[in-house]
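Worksheet: one structure, shown below.
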Amino acid sequence: MEKAILIAGISGELQTEILQESLSRRYKTAVALDPEAEHPPIGEDWEKLLRYFEWNKRSSLSAKNLVLEVLSFADSLEEVFLLFEPPKDGRPLHELPVAEIEGTFDGWMKGFLFLTKELILQFQRQRKGTLTLVQYEPSPLVTPLSLGSSSFFRAMGNALFTQYQNEPFVIRGFQSTAEDVKDFARYLLSLQEKPEKTYGKWTKYTGKASFWSFRRS
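For my numbering, add 1 to where a residue sits in the sequence shown, where the first one is 1.
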């Protein structure tokens, strides 16, 4: 059976690099996108290995349907990369449109929780799986929107590490501020074979051959 992964979360360069790295390893690769989002570019014809799925982050039903559709495509779901990058809008809070604030907190917070819930239910049913949380901040902004959403994602990870530490699946997290996104994507995929080494904690990637990690705080 072909290895299958799902890439979901913030669209962008990291998503594209993980996608490319996954396809280069001949993994069945599912990518969850906003209905309005453009498909990440790929260099070859990967029709049998790659599938895009729409994901409305504000809808719990959309999260449930996403998992079912991915299972229909891949037969199994072994690993999920849930990607987060903070908002890049550097305007002060009083200049932000209400829609921008609602889109960040209502869309992303609810979206991450809805999808994580469905993934955990699926991992419990199949008694295996790896949920990899990825916090990528190459150019951190000191704004309420950026810091607030980053803190939420980090806190969500810490809570998941604690609540599900005795389950037959792995939840782990990675953080990086390194600008070389291609090497970071390659690093993430290289750690698939032994997920227990990074289980239940955040691991910081520095862009070097070595890395240091820290357990939940």
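Glycine included, each C-beta is placed from N, C-alpha and C at the ideal position.
Quantities reported herein were computed from a predicted structural model and do not represent experimental measurements.
Option nearest residue i by Cα separation, candidates the options
i, options, result
"G208", "L190, T199, D184 and Q193", "D184"
"S151", "R92, E138, P98 and K205", "E138"
"K4", "G130, R92 and Q123", "G130"
Close Cβ partners of residue i (< 6 Å) along its chain, the five nearest in sequence each way excluded
i, result
"E70", "F54"
Backbone secondary structure at residue i - three-state DSSP
i, result
"F82", "strand"
"F215", "Any reading at F215 needs caution, since the residue's pLDDT is 42, under 50, leaving its predicted position unreliable; the model's value is listed next. Looking at F215 - three-state DSSP - the assignment turns out to be strand."
"V68", "helix"
"S166", "The residue you asked about is not Ser; residue 166 is Gln in the sequence shown. Coil, per DSSP."
"T30", "strand"
"I11", "coil"
"S191", "helix"
"L51", "strand"
"L97", "coil"
Extent of the continuous alpha helix (DSSP H) to which residue i belongs
i, result
"I121", "K111 to Q127"
Cut-off 8 Å between Cβ atoms - residues of its own chain near residue i, not counting five sequence neighbours on either side
i, result
"S60", "F115"
N-terminal and C-terminal residue of the beta strand (DSSP E) that residue i is part of
i, result
"R59", "Per DSSP, R59 belongs to no beta strand (DSSP E) and is neither H nor E."
"V171", "V171 to S177"
"Y137", "T131 to Y137"
"Y206", "K202 to Y206"
Residues near residue i in its chain [Cβ-Cβ closer than 7 Å; skip 5 each side]
i, result
"M157", "F113"
"Q193", "E80"
"E22", "A186, R187 and L190"
"E18", "V182, K183 and A186"
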